[in-house]
Ligand SMILES: [Fe+2]
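Laid out in structure tokens, this is it:
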């Protein structure tokens, strides 16, 4: 098996099982998209399917993070959400460009997805993770939310 396009790294771990699991899934989906992209040519339909899966999963995942942030009145909520929105807007723009012009190289899109995801996790999500862990440590996290974020099966 060839080297993975994107690889999970423990340094990306927020220490929040639910979100870590979703990030791992996101990496898996990006790898699928990359594979579909590599097949290219006559197999563009698999790229379209993988792309749809990516867009859906990104929406679901951002929804989870935003739900948690609202629930804890996260001070950086607006900023974090704006990053999500800018990303979704860019991906949809690239998706449209691809749909309108089959010659458009999807490789650029997959690389954008990978680079954005890695830097967003490393900078923005890890900040949220630290905030959540601190709430947990000080007993400031409501029980039901603690159970929710500790339950990685919620993702599947
Ligand atoms: Fe995020």
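Residue numbers (the numbering used here): -19 to 136. Yeah, the Cβ is synthetic: ideal placement off N, Cα and C, and Gly gets one too. Keep in mind the model is a prediction, meaning the values are calculated, not measured.
Task: Other residues of its chain near residue 26: CB distance less than 7 Å, five sequence neighbours each side excluded - done: 16 and 19
Task: Burial state of residue 60, where buried means 16 or more other Cβ atoms lie within 10 Å - done: buried
Task: Assigned exposure category for residue 29 - 16 Cβ within 10 Å defines buried - done: exposed
Open item on the list: Given 7 Å as the limit, tell me if residue 45 has its C-beta closer than that to any heavy atom belonging to ligand 1.
Closed with: yes
Open item on the list: For residue 118 and residue 132, I'd like the C-alpha separation in whole angstroms.
Closed with: 22 Å
Task: Within-8 Å CB hit, residue 2 to chain B - done: Going by chain labels, chain B is absent from the structure shown, which holds only one protein chain.
Task: Closest Cα partner of residue 126 within the set 4, 42 and -2 - done: -2
Open item on the list: For residue 72, which residues in the same chain have their Cβ closer than 8 Å to its Cβ, ignoring the five residues on either side in sequence?
Closed with: 35
Open item on the list: Given this structure, state the Cα-to-Cα distance separating residue 87 from residue 42, to the nearest angstrom.
Closed with: 23 Å
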